[in-house]
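This note's numbering puts the first residue of the sequence shown at 67, with every later residue one more than the last. In this text, a Cβ means the ideal position worked out from N, Cα and C, and glycines have one as well. In this text, all values refer to a predicted model and were calculated from it rather than measured experimentally.
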Amino acid sequence: MKMRLSPKDAALKYVNRYFPKCQAAVLAGSVVRGEETKTSDLDVVIFDKNFSSSYRESFIEYGWAIEAFVHNLTSYQVFFHSDRDRAIPSLPKMVSEGIVIKDEGIIETIKNEANVLLAHGPEKWSEEIIRIKRYFLTDTLEDYIGCLNREEGIFIANRLAELVSEFVLRTNQHWVGTSKWTVRALKNYDIHFAELFVDAFDTYYKTGDKNKVIRLVNHILEPFGGQLFEGFSLGKEEALNQLK
Numbered sequence: 067m068k069m070r071l072s073p074k075d076a077a078l079k080y081v082n083r084y085f086p087k088c089q090a091a092v093l094a095g096s097v098v099r100g101e102e103t104k105t106s107d108l109d110v111v112i113f114d115k116n117f118s119s120s121y122r123e124s125f126i127e128y129g130w131a132i133e134a135f136v137h138n139l140t141s142y143q144v145f146f147h148s149d150r151d152r153a154i155p156s157l158p159k160m161v162s163e164g165i166v167i168k169d170e171g172i173i174e175t176i177k178n179e180a181n182v183l184l185a186h187g188p189e190k191w192s193e194e195i196i197r198i199k200r201y202f203l204t205d206t207l208e209d210y211i212g213c214l215n216r217e218e219g220i221f222i223a224n225r226l227a228e229l230v231s232e233f234v235l236r237t238n239q240h241w242v243g244t245s246k247w248t249v250r251a252l253k254n255y256d257i258h259f260a261e262l263f264v265d266a267f268d269t270y271y272k273t274g275d276k277n278k279v280i281r282l283v284n285h286i287l288e289p290f291g292g293q294l295f296e297g298f299s300l301g302k303e304e305a306l307n308q309l310k
């Protein structure tokens, strides 16, 4: 890449070049949080009433890889609600933490919407959802315990880690994350639990010892009745009704 401009200067030049008529733009991502690495890109959220729908596009400009998230003045709300439903607040977080690059008087309102959504947290899981998640955690744990194939065990452990993090965070009404955001979300919830989580799975990946992971899963299930297999049913009532 060519010599880099500063993140803010690069974002400003990018916005002025490609979206000169936009109403607002914010620079977000790791460069804003002070967590950038040599492979970090610039996340730029654009608000432009001239577009009929939202879209995403990637560029390499001014020495940076740039990800543009383009919205009109209403489409962002659809993504806000979608992010809340899936409990991964990608766009609200970018808007909330973003540095304002351009503003024609609309960004304060949009930032306030993002902040309210983030503070509220995701929707609380129902008892039925918790029951279903307990079953799938139990089922995956049993596969993990019984697996004698190292290659298969690695991928079962990966799935178990996803289910554990989701269960802990959602039952405590916290946002979840994917990839590197998984452990960040766990740390935001409880730094001690995050350390136990990482240690348990790290121990398995390094040594093959499953005991810490097994104890961890049983620990998080215990307040909700423990493992669930016998008596679990899903879709039976609907199937029976179709026979009537």
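Problem set entry | CB of Arg200 within 8 Å of CB of Leu300, strictly | Within the sequence shown, residue 200 is the residue found at index 134, counting from 1. Within the sequence shown, residue 300 is the residue found at index 234, counting from 1. Not closer than 8 Å, so no.
For this session: Determine the direct distance from the alpha carbon of Glu170 to that of Arg99, and round the result to whole angstroms.
Result: Walking along the sequence shown from the start, residue 99 turns up at place 33. Walking along the sequence shown from the start, residue 170 turns up at place 104. The straight-line gap from Cα to Cα measures roughly 24 Å.
Exercise. Leaving out five residues before and five after Leu350 in sequence, what residues of the same chain have Cβ atoms less than 7 Å from its Cβ?
Worked result: An answer regarding residue 350 cannot be provided, because it is not within the stretch 67 to 310 covered by the chain.
Problem set entry | Inter-residue spacing [alpha-carbon to alpha-carbon] between Thr105 and Asp209 | Counting from 1 along the sequence shown, the entry for residue 105 is found at position 39. Counting from 1 along the sequence shown, the entry for residue 209 is found at position 143. Cα-Cα distance, rounded: 37 Å.
Problem set entry | Own chain partners of Cys213 with C-beta closer than 8 Å, once the 5 adjacent residues on each side are dropped | Looking up residue 213 in the sequence shown gives position 147. Cβ contact annotation for Cys213 (same chain, cutoff 8 Å, sequence separation greater than five): Gly219 and Ile222, in chain order.
Problem set entry | Straight-line gap, Ser118 to Asn82 (C-alpha atoms, nearest Å) | Taking the sequence shown and counting its residues from 1, one reaches residue 118 at position 52. Taking the sequence shown and counting its residues from 1, one reaches residue 82 at position 16. Each residue's alpha carbon lies about 20 Å from the other.
Exercise. Quick one, are the C-beta atoms of His137 and Ile112 less than 8 Å apart?
Worked result: Your numbering for residue 137 matches position 71 in the sequence shown. Your numbering for residue 112 matches position 46 in the sequence shown. Taking 8 Å as the Cβ cut-off, His137 and Ile112 qualify as a contacting pair.
Problem set entry | Proximity to Ile211 [Cα-Cα], best of His240, Ile176, Asn284 and Arg197 | Within the sequence shown, the letter at position 145 stands for residue 211. The shortest C-alpha separation from Ile211 is found at Asn284.
Problem set entry | Helix, strand or coil at Trp247 [DSSP, three-state] | Residue mapping note: residue 247 aligns to position 181 of the sequence shown, counting from 1. In the structure shown, Trp247 adopts helical secondary structure according to DSSP, grouped into three states.
Exercise. In or out: Phe85 buried (at least 16 other Cβ within 10 Å) or exposed?
Worked result: Looking up residue 85 in the sequence shown gives position 19. Buried, because 16 or more other Cβ atoms sit within 10 Å of the Cβ of Phe85.
Problem set entry | Delimiting residues of the alpha helix (DSSP H) encompassing Glu194 | Here residue 194 is taken as the residue at index 128 of the sequence shown, counted from 1. Glu193 to Gly212 is the extent of the alpha helix (DSSP H) around Glu194.
Exercise. Does Ile165 come within less than 8 Å of chain B when only Cβ atoms are used?
Worked result: In the structure shown, chain B does not exist; there is a single protein chain.
For this session: Throw me the rounded Cβ distance for the Thr237 and Ile196 pair, which I believe falls under 8 Å.
Result: For the purposes of this step, residue 237 is taken as residue 171 along the sequence shown, with counting starting at 1. For the purposes of this step, residue 196 is taken as residue 130 along the sequence shown, with counting starting at 1. Indeed, because the Cβ distance is near 6 Å, the residues count as touching under 8 Å.
Problem set entry | Where Arg70 falls, given that 16 or more other Cβ within 10 Å makes a residue buried | Position 4 of the sequence shown, counted from the start, is the residue given in the question as residue 70. Under this definition Arg70 is an exposed residue.
For this session: Consult DSSP for Val97 and reduce its assignment to one of helix, strand or coil.
Result: Translated into the one-based positions of the sequence shown, residue 97 becomes position 31. If DSSP states are grouped into helix, strand and coil, Val97 belongs with the helices.
Exercise. Is Glu232 buried or exposed, if buried means 16 or more other CB atoms sit within 10 Å of its CB?
Worked result: The residue you call residue 232 lines up with position 166 of the sequence shown. Buried: at least 16 other Cβ atoms inside 10 Å.
Exercise. Hey, is the segment 125 to 134 in contact with the segment 169 to 187, meaning 3+ C-beta pairs nearer than 8 Å?
Worked result: The segment 125 to 134 vs the segment 169 to 187: no contact.
Problem set entry | Leu93 to Ile165 span [Cα, whole Å] | The residue given as residue 93 occupies position 27 in the sequence shown. The residue given as residue 165 occupies position 99 in the sequence shown. Going from the Cα of Leu93 to the Cα of Ile165 covers about 5 Å.
Exercise. With a Cβ-Cβ cutoff of 8 Å, do Thr206 and Leu226 count as a contact?
Worked result: Numbered from 1 along the sequence shown, position 140 holds the residue referred to as residue 206. Numbered from 1 along the sequence shown, position 160 holds the residue referred to as residue 226. Contact check for Thr206 against Leu226 passes: the beta carbons are separated by less than 8 Å.
Problem set entry | Cα-Cα separation between Lys272 and Asn215, rounded to whole angstroms | Here residue 272 corresponds to residue number 206 of the sequence shown, with the count starting at 1. Here residue 215 corresponds to residue number 149 of the sequence shown, with the count starting at 1. Approximately 15 Å between the Cα atoms of the pair.
Exercise. Does the distance from the C-beta atom of Ala134 to that of Val161 stay below 8 Å?
Worked result: The residue given as residue 134 occupies position 68 in the sequence shown. The residue given as residue 161 occupies position 95 in the sequence shown. No; because the gap between Cβ atoms is not below 8 Å, this pair is not in contact.
Exercise. By Cβ distance below 6 Å, which residues in the same chain neighbour Glu102 in space, the five residues on each side in sequence not counted?
Worked result: Reading the sequence shown from its first residue, position 36 is the one you call residue 102. Cβ-Cβ distances below 6 Å link Glu102 to Ser96 in the same chain, with the five nearest sequence neighbours on each side left out; the list follows chain order.
Exercise. Can you tell which of Ser72, Asp114, Phe125 and Arg152 has its C-alpha closest to the C-alpha of Thr140?
Worked result: Sequence index remark: in the sequence shown, residue 140 carries index 74 (1-based). Each of Ser72, Asp114, Phe125 and Arg152 was checked against the Cα of Thr140, and the nearest Cα belongs to Asp114.
Exercise. On the three-state DSSP scale, how would you describe Asp265?
Worked result: The residue labelled residue 265 in the question sits at position 199 within the sequence shown. If DSSP states are grouped into helix, strand and coil, Asp265 belongs with the helices.
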